[in-house]
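The numbering of the sequence shown is the working numbering, which starts it at 304 and goes up by one.
One structure is given below, encoded as structure tokens.
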Amino acid sequence: MFQILYQGNLFADYFQIYLRDEAYPDLPDDYTEESIARHLMAGPHSVIVHTARNMTVPICVE
304 MFQILYQGNL FADYFQIYLR DEAYPDLPDD YTEESIARHL MAGPHSVIVH TARNMTVPIC
364 VE
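This is how it looks when you write it as structure tokens:
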């Protein structure tokens with residue numbers, strides 16, 4: 304069973320949502336065809352989710 308760390312709504316400004324470790328400010332920037340197709344980029348300390356719309360979206364982080 305997973306623990307819910309965050310559940311709510313966030314505005315996906317520029318079609319993106321960032322989740323990162325506060326101690327590590329760098330975000331992944333090595334975009335590939337695969338990461339664009341999957342709408343997801345992951346780095347050692349962060350994740351970028353690309354949304355379908357520039358709007359408020361429901362988020363649940365477990």
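Backbone N, C-alpha and C fix where the C-beta goes; we use that ideal spot for every residue, glycine too.
- Three-state secondary structure assigned by DSSP to Y317: helix
- Message: I need the straight-line Cα distance from I377 to M304, nearest angstrom please.
- Response: Residue 377 is absent from the structure shown; the chain starts at 304 and stops at 365.
- Task: Could you name the residues of the same chain whose beta carbon sits closer than 7 Å to that of P331, not counting the 5 residues immediately before and after it, in chain order?
- Result: M344, A345, G346, S349, I351
- Whole-angstrom distance between P328 and H353, CA atom to CA atom: 19 Å
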